[in-house]
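Residue numbers 883 to 974, in the working numbering, belong to the letters of the sequence shown in order.
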Amino acid sequence: MNHHAINKFSALSAALGLVILLGVVLSGAAYPHPVFQFGAPLGMLFVFVSVVLQFISWILEICHGVKEKQYRLAAVIAVLGLLVIWKLLSRL
């Protein structure tokens, strides 16, 4: 599976997760309600799957750049990705 297909599936997963979460929010359901109990975790699961797939796509993009001998592109993608990860982890 190439990284373009993974990107498409990731975008679809993120959109589906956000639509589900938006539906839960707009329904006004609170904790004991089944819409909240099933909708919120399901929506967050789809968003989490999207993040994992984007990470896999990022790794495949770096591998593709190295395979095509585009070392500068691979280095730029790797450095930018590591900066994003560092910024996210430094907030914890």
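Even glycine gets a Cβ: it sits at the ideal position worked out from N, Cα and C.
Span separating the alpha-carbon of residue 888 from that of residue 961: 21 Å
Please state whether DSSP places residue 973 in a helix, a strand or coil. Coil, per DSSP.
Residue 943 in three-state terms, based on DSSP: helix
Residue 958 versus 940, 899 and 903, residue with shortest Cα-Cα distance: Closest by alpha carbon: 940.
Just verifying my parser: in three-state terms, what is the DSSP assignment at residue 953? helix
When DSSP labels each residue in this structure, what does residue 887 get in the three-state scheme? Helix, per DSSP.
Residue closest to residue 918, alpha-carbon to alpha-carbon, out of 927, 903 and 930: Ranking the options by Cα distance to residue 918, first place goes to 903.
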